[in-house]
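Chemist: Got a structure for you, questions after.
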Amino acid sequence: MRTYSISEVSKELNLTPYTLRYYDKEGLIPFVERTSGGTRLFKESDIEALKVIECLKSTGMPIKEIKHFIDWCSEGDSTLQQRYAMFMERKATVEAQIEELKKAMEVIEHKCLYYKTALDAGTEDIHKKSKIKISINN
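The opening position of the sequence shown corresponds to residue 592 in my numbering, with each subsequent residue numbered one higher.
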């Protein structure tokens, strides 16, 4: 079975060796084996686990909660329900983030069009609308 060094894993996952050491210190990768000299030896399964950790981190999940997930994985099948519930919660969180990003994109697209139109016209005045006041006398 092939093993990978911390530098190989850091390049593969675009993480710094410092980040991988931090994850180890925080207990996120307790499954990584070490040589008698203390050098970490990563297996393919370790790299896959790190990809899940990075995925969860990218959703804004705190390290402490990711640690709970790792602990549940170590406990085996008795924690399947907790892991499922955690991923369902993450899914809902990501869906909400996507909706917020869609709203932000609408504003950004509007502003892109606004400034493109102003640039083409040579002035932002093109967007100033004349306001007609109508007064109704009773």
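Glycine included, C-beta positions come from ideal geometry on N, C-alpha and C.
1) Check the DSSP bridge columns for residue 624 and list the partner residues they point to.
2) Could you give the C-beta distance for residue 597 and residue 608, rounded to a whole number, given that I count them as a contact under 8 Å?
3) Would you grab the beta carbon distance between residue 622 and residue 600 for me? Rounded to a whole angstrom, and I think it's under 8 Å.
4) Suppose you measure from the CA of residue 661 to the CA of residue 685; what does that come to, to the nearest Å?
5) Please classify residue 799 as buried or exposed, where buried requires at least 16 neighbouring CB atoms within 10 angstroms.
6) Are there three or more Cβ pairs, one per stretch, closer than 8 Å when the segment 638-652 is compared with the segment 674-688?
Modeler: Well, looking at it:
1) Walking along the sequence shown from the start, residue 624 turns up at place 33. Partner(s): 632.
2) Position 6 of the sequence shown, counting from 1, holds the residue named residue 597. Position 17 of the sequence shown, counting from 1, holds the residue named residue 608. Contact flag correct, Cβ pair sits at about 5 Å.
3) Counting from one through the sequence shown, the residue named residue 622 turns up at place 31. Counting from one through the sequence shown, the residue named residue 600 turns up at place 9. About 13 Å separates the two Cβ atoms, so there is no contact after all.
4) Residue numbering aside, residue 661 sits at position 70 when the sequence shown is read from its first letter. Residue numbering aside, residue 685 sits at position 94 when the sequence shown is read from its first letter. Roughly 20 Å separates the two Cα atoms.
5) Within the shown structure, residues of the chain are numbered from 592 to 729, placing residue 799 beyond reach of any answer.
6) yes
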